[in-house]
Amino acid sequence: MAGHSKWANIQHRKGRQDEKRGKVWTRIIREIMVAARQGGGDPAMNPRLRTAIDKAKAANMPADTIKKNVDKATGNLEGVSYEEIRYEGYGIGGAAIIVDCMTDNRVRTVAEVRHAFSKYGGNLGTEGSVAFQFKHCGQFVFAPGTSEDKVMEVALEAGAEDVVTGEDGSIEVLCAPGDFEAVKNALEGAGLKPEIAEVTMRAENTIALAGEDAQRMQKLLDVIEDLDDVQDVYHNAELEG
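So our numbering is basically just the index in the sequence shown, starting at one, shifted up by 36.
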């Protein structure tokens, strides 16, 4: 069952992200600032910043907005300093959840995340409690109907670690985080356009939730994702309609 719902889950997630476009710029700006502060303001020398700028351009962010936030982060302009924090916990049915935040106030953030978990049926865990169930990797997902042979040939030659075809016909390419850009450029250069291309925390195994459990899990995820300091939410639930 899980294999059949993979593509539906990905489309569902993408749709919900699109609905929240208002928050996208805020999150991208934070990512740009943290990337620039850690690795310098030159995208040619800073892959993380390069990826963040690509996201900004895809979200139609003006070039001067991008530059201003890089300058803030590298000390050329005064700005807020953000730190990265990861929280781990459990959702409905024991599903694992990772919440990545960027915040200028750690006390506020942990209180908001803990409240969301406890109010909507989850449990905030300790560091390391669920992260072992995920793999940090580059992920590209292609729609059913894409040529598996072509994707496999291009991806593996570019340094991808694995190509996985789902029962629903979707194709997933996985690579080491450091190889993300090379694989992305090779796929796009071959005319292969993924629906999703990101460095992510990918669940090693999934838990299928249906009916009321799926609805409760979706509510919990929505509430967490809507918190101002949350950048990304990863989980291992496959939500059946």
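From the three backbone atoms N, C-alpha and C, an ideal C-beta is built for every residue, glycine too. Note that the structure is predicted; figures quoted are calculated from it, not measured.
Which residue from the options puts its Cα closest to that of residue i?
i	options	result
Arg63	Asp107, Glu120, Phe176	Glu120
Ile207	Glu193, Thr101, Phe176	Phe176
Asp265	Asp136, Leu85, Pro98, Asn221	Asp136
Gln254	Asp78, Thr236, Ala273	Ala273
Gln99	Arg122, Gly76, Ala131, Ile65	It is worth fixing the name first, because residue 99 is Ala in this sequence and not Gln. The candidate whose alpha carbon is nearest that of Ala99 is Ile65.
Leu275	Glu231, Gly127, Arg84	Gly127
Phe153	Ala196, Cys211, Ala131	Ala131
Does any residue of chain D have a CB that is nearer than 8 angstroms to the CB of residue i?
i	result
Asn241	Among the chains of the structure shown, chain D does not appear; only one protein chain is present.
DSSP three-state label for residue i, please.
i	result
Leu228	coil
Asp136	strand
Asn208	Inspection of the sequence shows that residue 208 is occupied by Glu rather than by Asn. Reduced to three states, the DSSP call for Glu208 is strand.
Gly75	helix
Thr145	helix
Leu263	coil
Thr236	strand
His40	Model confidence at His40 stands at a pLDDT of 44, short of 50, so the residue's coordinates are unreliable and nothing is read from them.
Asn159	strand
Thr201	strand
For residue i, count neighbouring Cβ atoms within 10 angstroms of its own Cβ and tell me buried if that reaches 16, exposed if not.
i	result
Asp74	For the record, residue 74 in the displayed sequence is Gln; it is not Asp. Exposed: under 16 other Cβ atoms inside 10 Å.
Val200	exposed
Pro180	exposed
Met69	buried
Lys220	buried
Inter-stretch contact (C-beta, 8 angstroms, three-pair minimum) for the stretch 237-255 and the stretch 164-177: Using a Cβ-Cβ distance cut-off of 8 angstroms, the stretch 237-255 and the stretch 164-177 are in contact, since at least three pairs of beta carbons, one from each stretch, lie closer than that value.
The stretch 249-266 touching the stretch 97-111, judged by at least three CB pairs closer than 8 angstroms: no
Check whether the stretch 138-155 touches the stretch 254-270, taking contact to mean three or more Cβ pairs, one atom from each stretch, closer than 8 angstroms. yes
Report yes or no: do the stretch 215-234 and the stretch 181-201 share at least 3 C-beta pairs separated by less than 8 angstroms? The stretch 215-234 and the stretch 181-201 touch, with no fewer than 3 CB-CB distances between them shorter than 8 angstroms.
Where in the stretch 165-204 do unbroken runs of the beta strand (DSSP E), each at least 3 residues long, occur, reported from the N-terminal end onward? 170-178, 198-201
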